[in-house]
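The structure appears below as structure tokens.
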Amino acid sequence: MITLGLQDQNTFLEAVNKKSGANVLECYQCGKCVSTCPVSGYMDFPPREIMQMIKLGLKEETMMANSMWFCLTCSACSGRCPREIDIPAVMEAIRHLAIEENYRSDNKKVKEIRKFHDIFLDMVKRYGRNYELRMMAEFNIRTRNLFKDMHLAPKALLKGKITIGHESTKSAKAIQKMYKLAGKLEKGEK
Amino acid sequence: MNKLTYFPGCSAHGTSEEFDHTLKLVMKTLDVQMEEIPDWNCCGATSAHVMTENLALALPMRNLVLAEKLENKTMGIACASCYSRMKVTKKHLDEHPDLAHKINTTIIDEGEYKGDIDVKSMLQYCFEEIGPEVIKSKVTKPLTGLKVACYYGCLLTRPKDVTHFDSPEYPMSMDILMEALGAKAMEFDFKTECCGASFSISNTDVVESLSGKILEVAKESGAHMIVVACPLCQSNLDMRQPDIERHTGQKFALPVMYFTQLMALAFGFPEKELKLPKHIVPVQEALSHIGEIEPTPEKVKKTKKAVEAESEVE
Amino acid sequence: MARVGVFVCFCGANIADFIDVPAVVEEAKKVKEVKVSVLYKYMCSDPGQQMIRDAIIQNRLTSVVVAACSPRMHEKTFRKALSDAGMNPYLLEVANIREHSSWVHQKDKKAATEKANDLIRMAIAKSIANEQLHEISVPVTKRALVIGGGIAGIQAALDIADARIPVTLVEKSPSIGGRMAQLDETFPTLDCSQCILTPKMVDVASHPYIELIPYAEVIELDGYVGNYKAKIKKKASYVNFDTCTGCGACTQKCPVKVPNEFNMNIDKRKAIYTPFPQAVPNKPVIDAEHCTMLLKGKCGICAKVCEKGSIDYKMVDEVIEREIGAVVVATGYDLWDPKPYEEYGVGRYKDIITSLEFERMVSASGPTNGVPLRPSDGKVPKNVVFIKCIGSRDEAKGIEYCSKICCMYTAKHAILLHHKVHDSHAYIFYMDIRAAGKGYEEFVKRAQVETAATYLRGRVSKIYKKGDKLMVRGEDAQIGQVVEVEADLVVLATAVIAPHENPALARLLGISYDKYGYLSEAHPKLRPVETAKAGIFLAGCTQAPKDIPDTVAQASACAAKVCGLFAGDTLKKDPMISTISNEFCSGCLNCVKVCPYQAIVTEEIPLGHGSKELRTVAKINEGVCQGCGSCVAICRSMAISLAGFTDPQIINEIVAI
Numbered sequence: 102m103i104t105l106g107l108q109d110q111n112t113f114l115e116a117v118n119k120k121s122g123a124n125v126l127e128c129y130q131c132g133k134c135v136s137t138c139p140v141s142g143y144m145d146f147p148p149r150e151i152m153q154m155i156k157l158g159l160k161e162e163t164m165m166a167n168s169m170w171f172c173l174t175c176s177a178c179s180g181r182c183p184r185e186i187d188i189p190a191v192m193e194a195i196r197h198l199a200i201e202e203n204y205r206s207d208n209k210k211v212k213e214i215r216k217f218h219d220i221f222l223d224m225v226k227r228y229g230r231n232y233e234l235r236m237m238a239e240f241n242i243r244t245r246n247l248f249k250d251m252h253l254a255p256k257a258l259l260k261g262k263i264t265i266g267h268e269s270t271k272s273a274k275a276i277q278k279m280y281k282l283a284g285k286l287e288k289g290e291k
Numbered sequence: 016m017n018k019l020t021y022f023p024g025c026s027a028h029g030t031s032e033e034f035d036h037t038l039k040l041v042m043k044t045l046d047v048q049m050e051e052i053p054d055w056n057c058c059g060a061t062s063a064h065v066m067t068e069n070l071a072l073a074l075p076m077r078n079l080v081l082a083e084k085l086e087n088k089t090m091g092i093a094c095a096s097c098y099s100r101m102k103v104t105k106k107h108l109d110e111h112p113d114l115a116h117k118i119n120t121t122i123i124d125e126g127e128y129k130g131d132i133d134v135k136s137m138l139q140y141c142f143e144e145i146g147p148e149v150i151k152s153k154v155t156k157p158l159t160g161l162k163v164a165c166y167y168g169c170l171l172t173r174p175k176d177v178t179h180f181d182s183p184e185y186p187m188s189m190d191i192l193m194e195a196l197g198a199k200a201m202e203f204d205f206k207t208e209c210c211g212a213s214f215s216i217s218n219t220d221v222v223e224s225l226s227g228k229i230l231e232v233a234k235e236s237g238a239h240m241i242v243v244a245c246p247l248c249q250s251n252l253d254m255r256q257p258d259i260e261r262h263t264g265q266k267f268a269l270p271v272m273y274f275t276q277l278m279a280l281a282f283g284f285p286e287k288e289l290k291l292p293k294h295i296v297p298v299q300e301a302l303s304h305i306g307e308i309e310p311t312p313e314k315v316k317k318t319k320k321a322v323e324a325e326s327e328v329e
Numbered sequence: 022m023a024r025v026g027v028f029v030c031f032c033g034a035n036i037a038d039f040i041d042v043p044a045v046v047e048e049a050k051k052v053k054e055v056k057v058s059v060l061y062k063y064m065c066s067d068p069g070q071q072m073i074r075d076a077i078i079q080n081r082l083t084s085v086v087v088a089a090c091s092p093r094m095h096e097k098t099f100r101k102a103l104s105d106a107g108m109n110p111y112l113l114e115v116a117n118i119r120e121h122s123s124w125v126h127q128k129d130k131k132a133a134t135e136k137a138n139d140l141i142r143m144a145i146a147k148s149i150a151n152e153q154l155h156e157i158s159v160p161v162t163k164r165a166l167v168i169g170g171g172i173a174g175i176q177a178a179l180d181i182a183d184a185r186i187p188v189t190l191v192e193k194s195p196s197i198g199g200r201m202a203q204l205d206e207t208f209p210t211l212d213c214s215q216c217i218l219t220p221k222m223v224d225v226a227s228h229p230y231i232e233l234i235p236y237a238e239v240i241e242l243d244g245y246v247g248n249y250k251a252k253i254k255k256k257a258s259y260v261n262f263d264t265c266t267g268c269g270a271c272t273q274k275c276p277v278k279v280p281n282e283f284n285m286n287i288d289k290r291k292a293i294y295t296p297f298p299q300a301v302p303n304k305p306v307i308d309a310e311h312c313t314m315l316l317k318g319k320c321g322i323c324a325k326v327c328e329k330g331s332i333d334y335k336m337v338d339e340v341i342e343r344e345i346g347a348v349v350v351a352t353g354y355d356l357w358d359p360k361p362y363e364e365y366g367v368g369r370y371k372d373i374i375t376s377l378e379f380e381r382m383v384s385a386s387g388p389t390n391g392v393p394l395r396p397s398d399g400k401v402p403k404n405v406v407f408i409k410c411i412g413s414r415d416e417a418k419g420i421e422y423c424s425k426i427c428c429m430y431t432a433k434h435a436i437l438l439h440h441k442v443h444d445s446h447a448y449i450f451y452m453d454i455r456a457a458g459k460g461y462e463e464f465v466k467r468a469q470v471e472t473a474a475t476y477l478r479g480r481v482s483k484i485y486k487k488g489d490k491l492m493v494r495g496e497d498a499q500i501g502q503v504v505e506v507e508a509d510l511v512v513l514a515t516a517v518i519a520p521h522e523n524p525a526l527a528r529l530l531g532i533s534y535d536k537y538g539y540l541s542e543a544h545p546k547l548r549p550v551e552t553a554k555a556g557i558f559l560a561g562c563t564q565a566p567k568d569i570p571d572t573v574a575q576a577s578a579c580a581a582k583v584c585g586l587f588a589g590d591t592l593k594k595d596p597m598i599s600t601i602s603n604e605f606c607s608g609c610l611n612c613v614k615v616c617p618y619q620a621i622v623t624e625e626i627p628l629g630h631g632s633k634e635l636r637t638v639a640k641i642n643e644g645v646c647q648g649c650g651s652c653v654a655i656c657r658s659m660a661i662s663l664a665g666f667t668d669p670q671i672i673n674e675i676v677a678i
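Below is the structure:
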């Protein structure tokens, strides 16, 4: 049971609204987003429930949810929302809040998804571009799941579907600098 | 000769080489000169916007700045994810000039962002700038008899206020292009349902479930193959198809081709140029339908037949 | 020397909480003409009014200022108090310190108090320049015009006519009956719609006080309350109604088939047709858009088979005029086109129909003889999915408001489906069940329990085809799961919208309409049947979506209003109207151009004293002028004056602040 009236309902709601540019209060709980969302079945709280949780000021529960990590930003929900709420922006906002405020879910899937994105960004930082096989291999090594998708690799390699090597680009250096500057900027903003 | 600034995206040199290759072929036929943005970088899709705010804008912005230095003011993007990131970023920067200025001056070294370039997906470019009529005029080997299900995915038409292109629910542009090539575009309800996108690596089960549903509905439509305009969609639907078949017990055998491959074929390029061996699901069987003449449909007017019959009696 | 009384109202806490009322009373006393300044909790109450009456007599007041709420609310009340004390009622001024100060400046009591002081000072200054005015009497034509022959128009016409007041009822289609004639059974009692409506339709046709003009439209309305003149265009029916017996031979033999709009285009009608068997009048009309005789001069079968020779292919539209005193507008509603629901495949799938199409199918006299059938293959459906709020409560695709009737008719459809197809099952996707009305919740319960309709709480997100079934996907929020229903037929409860011709009609009648096209009532709570234009009233869905009981009630209320208006031989009218001084009028006639009521006419007067040469000047039609003041503002020679708002009054007000 959750006792209401104890939480500071407005601070969290306002933070989410400000960051997302959406107004969560507009949600009237019709659930069209839930049956639209391709991954709502994997979320512990589908979009409709997330909206209500934000309205109720349930910050801890929202921040620890896996929902925003599963959101693929496919924008199907916002395209069908009768109140035209930018739900992906809300998902993005609570994801960024969770990162900023260092909420770390124990959920295995969330951990894997975050790992994937870390590796991806790391790869772009190193090479300026992204290379799929390296990506896949690194992900499997870092999630201790060496043999995942291994059955695909020979076939894909053989068919030239994925390549092992990578081009070295001039951009890599520029990108590394950008990462540094972006990091600085973000720190400065806090 | 039309000129076009080209952003290939990272997959063009890897998973979607056949897309990049056939795109270049057909653009040549259509008299479009593509100029690749020198020293372009990854747009950040799909991780940058998940994890960061400033970097998510800076990565595509650097490409926009580089592209603005070129003479041509239209940028064509092959990959749907890159297209979406570029377009979302551009919209955000144009709506928030202060933010644009901040990121431009603190993170990006390559020069000033002006915001004077038009970003289009290659599908959009073919449909809007070239047009089905011109494309039809270049067809030397019509694809008559081939039934296709056009799959657009999430990002080519969504969100509507970002793309301003076609319908987010039931787009028709690729269907019309395929019909211009002589193929038959089937009624297909899952044109814009998500395939699972970047969960390809981190959440394979999600991709299998979502892509499986798309394959099922595409099969139901009676199509011989699925046509796509996005490398991630292609790899999810093609590379994962054997696994999906194994896990669900269904048999799809639906090859997944890029719309440019079919354009190249209809424009008379030899099959080897399509790089067909790169496909996991074999393509030949589907292509063998080309040239088949469809039996003329029976002239049965089922619609409201019973209804009318009853009212006639009266 | 003027002697002014100031009466400041607390309005309970409405004013007193945000304005320092005692200070305001003291401030008013500083004006030298003010002989009495008092406060009271509710000035509009009887003791409050008594206070004013006593003060007028005791202090021999020459004008009165009441500082209270909006004059729209209680000006009449206080004027009457003045009259009762033997004072001319137009010596009253109202300072609106509630709407204009206490309500809008709740966060700053000091500023609100200062503003109240200003408003009161202005009112005092103005009242000093007030003159005695007297109500104007205008004659009244005791005939009502009712526009629209649905249940609202029928009820209003019958009630007015029963009071022995002549009514002209104009209906645009060939028969009266409206939407209600299309319904099968009605909630919450399941009365047969035709059975309760048809007798009323017949009453209209036979009523000695009702002139029924079908297949016609009002194209012009001039004049003012009690004295309107309407132009009515009778569309050519190509059938002489005086001789036609309604035998039906022509309709039977006509070879041209046209989609039948009465049956929502499910079946066909002929080019010469009566919309439905119980039509009133039961005379056919020729649809000029489809008749081959009228289009190409070929055929002529109907004329050949007509024994009475009633067919007249040369008939043309005719414009007639009626003098009337009041208008009841009852143009009903349209239904929203669900095409924007692309995610449902609307337009691509034949087995997705609208509620009114379903209604026609389950109607015993409908195109499928009362059995719902799938349009794609004519089969009887087993699983039927009803989706509510299609276009309603949907800002993205349709309209923001709730259409009010869909929850109830969908429950009805579930019940009717079960009656017609016993082994069927109804699934109803809904957001909320809105069943506020006598016997309504009980009716919904009947659908849920007796019919065992499955209610699923959630908006449907997608419909796709699987074999010959439609897969309907939505969330059932009650179990927190996404569900898919395998449906044979999908019925969309499309939104009620204002008739598309409402804005044009509103402009023609000189009344206002809202952003959706619904005609606007004068006050949402206290004057729901009047419009802002005197003598024009609203009945039924033309004002807002409503069900049959509410529509009938509003129609009867309109009739009461019309009867009240016609109760005397003349109408009283406020004297706040413009007058033009011939001496100063230069005859530029700019005032004629700006007058929104066409209340200014021209007049020829001698150029000078005894001169035979004439010049043109403007003249106010007292009956029409509404006292808006536009002419006063535009007049360059300051020849026009508006009673109650004269230059000395306005200047006094300005000087006071």
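Residue numbers (our numbering), protein chains in the order written: chain C, 102 to 291; chain W, 16 to 329; chain D, 22 to 678.
For each residue, glycine too, the CB sits at the ideal point set by N, CA and C.
Item, Value
"Residue environment, W:H42, which counts as buried when at least 16 other CB atoms sit within 10 Å", "One point to set straight first is that residue 42 of chain W is Met, not His, in the sequence displayed. The residue in question, W:M42, is buried, as its Cβ has 16 or more Cβ neighbours within 10 Å."
"Length at least 3, wholly inside the region 425-494 of chain D: the beta strand (DSSP E) runs in chain order", "446-451, 475-478, 481-487"
"Local conformation of W:N251 per DSSP, three classes", "helix"
"Three-state secondary structure assigned by DSSP to D:K593", "strand"
"7 Å Cβ cut-off: residues of chain C touching D:R494", "S136"
"Helix, strand or coil at C:M224 according to DSSP, with G and I counted as helix", "helix"
"Check whether D:M222 and D:I175 have beta carbons under 8 Å apart", "yes"
"Separation of D:K554 from W:K319, as counted between CA atoms", "Here the model assigns W:K319 a pLDDT of 48, short of 50, so the residue's position is not dependable, and the following value carries that caveat. Distance between the alpha carbons of W:K319 and D:K554 is about 49 Å."
"Burial state of W:E329, where buried means 16 or more other Cβ atoms lie within 10 Å", "Its pLDDT being 35, under 50, W:E329 is placed unreliably in this model, and the value from its coordinates should be taken loosely. Exposed, because fewer than 16 other Cβ atoms sit within 10 Å of the Cβ of W:E329."
"Check whether D:Y236 and D:V306 have beta carbons under 8 Å apart", "yes"
"6 Å CB neighbourhood of W:Y98 in its chain, flanking five on each side removed", "I92, S136"
"Beta carbon proximity, C:L173 to chain W, threshold 8 Å", "yes"
"The region 178-198 of chain C in contact with the region 17-25 of chain W per 3-pair CB rule at 8 Å", "no"
"Residue range of the unbroken alpha helix (DSSP H) whose run includes C:E150", "148-157"
"Proximal residues to C:W170 (C-beta, below 6 Å), its chain only, five neighbours per side dropped", "V211, I214"
"Contacts of D:G366 in chain W (Cβ-Cβ under 8 Å)", "Y185, D204"
"Among W:T44, W:D181, W:V271, nearest to W:A164 - alpha-carbon criterion", "W:V271"
"Residue span of the alpha helix (DSSP H) that contains W:K162, given as start and end", "Run containing W:K162: none in the alpha helix (DSSP H); it sits in the beta strand (DSSP E), 162-165."
"Residue burial classification, W:M16 (beta-carbon count within 10 angstroms, cutoff 16)", "exposed"
"Neighbour-count burial assignment, C:N111, 16 or more Cβ in a 10 Å radius", "exposed"
"Cβ-based burial, D:T210 [other Cβ within 10 Å; buried from 16]", "exposed"
"Unbroken alpha helix (DSSP H) run spanning D:K255, endpoints", "Not the alpha helix (DSSP H): D:K255 falls in the beta strand (DSSP E), residues 248-255."
"Nearest-angstrom beta carbon gap, D:D595 and D:G648 [assumed within contact, 8 Å]", "7 Å"
"Extent of the continuous alpha helix (DSSP H) to which W:S224 belongs", "219-235"
"Beta-carbon proximity of C:A199 to C:M164, cut-off 8 Å", "yes"
"Cβ contact check for the region 348-359 of chain D and the region 519-528 of chain D: 3 or more pairs under 8 Å", "yes"
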